[in-house]
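> The sequence shown runs 4 to 171 under this note's numbering. Quick one: the structure is below, and I'll ask about it shortly.
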Amino acid sequence: MKKIGLLSDTHSYWDERILHHLAGCDEIWHAGDFGTAAVIEALEAVAPLRGVYGNIDGRDVRQTQPLVQRFEIEGLRVLMTHIGGYPGHYSPAARLLVTQERPGLFISGHSHILKVMPDPKLGLLHLNPGAAGMHGFHKVRTMLRFEVAHGKVQQLQAIELGLRAAGR
4 MKKIGLLSDT HSYWDERILH HLAGCDEIWH AGDFGTAAVI EALEAVAPLR
54 GVYGNIDGRD VRQTQPLVQR FEIEGLRVLM THIGGYPGHY SPAARLLVTQ
104 ERPGLFISGH SHILKVMPDP KLGLLHLNPG AAGMHGFHKV RTMLRFEVAH
154 GKVQQLQAIE LGLRAAGR
């Protein structure tokens with residue numbers, strides 16, 4: 004069993020609330036829009052990191068993070084990219100990826116909207132942790148925490164990190 008902390012769209016923001024909820028995680032996954040390499044370094048200081056770059060990420064992030072992550076953990080095939088959409092509304096690139104690769108778990112960010120949705124057609128679970136940063140239209144910052152065991156996501160928790168500061 005592995006404990007996972009999943010976040011996205013930090014947009015260069017890092018605070019103690021994020022750190023608190025990542026404590027005890029075996030791995031941290033970030034679905035893009037880190038903002039700066041400093042966020043990567045802060046996350047890597049907590050636990051091993053798997054991430055993808057997002058549309059706002061510059062060269063410093065793109066040098067260390069791929070566009071797409073494909074991996075298996077505890078018997079679960081995982082596919083992660085920043086701009087992916089969600090079941091019934093995948094981006095064209097994501098639709099091609101999930102159709103060809105048939106992951107059990109598909110993760111994306113970008114929308115700043117927390118979503119947990121099964122895709123019965125493709126037999127996968129879709130997760131979008133929302134946005135943990137301060138920039139964007141979202142009002143509440145969010146992330147997800149869960150366990151992976153025996154090829155399944157278990158003990159899934161949606162976590163509210165607090166309100167986004169006004170004017171950002």
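Beta carbons: idealized from backbone N, C-alpha and C, even for Gly. Here the structure is a predicted model, which means the values were calculated and not measured.
With distances taken Cα to Cα, identify the nearest neighbour of L108 among H115, G57, H14 and Q72.
The residue you call residue 108 lines up with position 105 of the sequence shown. Ranking H115, G57, H14 and Q72 by Cα distance to L108 puts Q72 first.
> Quick check: what's the CA-CA separation for V151 versus I76?
Taking the first residue of the sequence shown as 1, we reach residue 151 at position 148. Taking the first residue of the sequence shown as 1, we reach residue 76 at position 73. Distance between the alpha carbons of V151 and I76: 7 Å.
> I'd like to confirm something about I76: is its beta-carbon nearer than 8 Å to some heavy atom of the ligand GTP, or not?
Questions concerning the ligand GTP fall outside what the structure shown contains, since it holds no ligand whatsoever.
> On the DSSP letters alone, give me the boundaries of the alpha helix (DSSP H) that V42 sits inside.
Within the sequence shown, the letter at position 39 stands for residue 42. It spans A40 to E47 - the alpha helix (DSSP H) in which V42 sits, taken as one unbroken run.
> Extract the residue ranges of the beta strand (DSSP E) inside the segment 15-86, only unbroken runs of 3 or more that lie entirely within it.
With a minimum length of 3 residues, the continuous beta strand (DSSP E) runs that stay inside the segment 15-86 are 30-33, 52-54, 71-76 and 79-84.
> Are there 16 or more other CB atoms within 10 angstroms of the CB of F149, so buried, or fewer, so exposed?
Counting from one through the sequence shown, the residue named residue 149 turns up at place 146. It is buried - the Cβ of F149 has at least 16 other Cβ atoms within 10 Å.
> Do you know how far the Cα of K124 is from the Cα of A34?
Position 31 of the sequence shown, counted from the start, is the residue given in the question as residue 34. Position 121 of the sequence shown, counted from the start, is the residue given in the question as residue 124. C-alpha separation (whole angstroms): 23 Å.
> Is the beta carbon of A134 sitting closer than 9 Å to the one on T13?
Mapped onto the sequence shown, residue 134 falls at position 131. Mapped onto the sequence shown, residue 13 falls at position 10. In contact: A134 and T13 (Cβ atoms closer than 9 Å).
> To the nearest whole angstrom, what separates the beta carbons of G154 and L79, a pair I think is in contact under 8 Å?
Numbered from 1 along the sequence shown, position 151 holds the residue referred to as residue 154. Numbered from 1 along the sequence shown, position 76 holds the residue referred to as residue 79. Confirmed, Cβ separation roughly 5 Å.
> Nearest to Q160 by alpha carbon, out of Q68, H141 and N131?
Position 157 of the sequence shown, counting from 1, holds the residue named residue 160. Nearest of Q68, H141 and N131 to Q160, Cα basis: N131.
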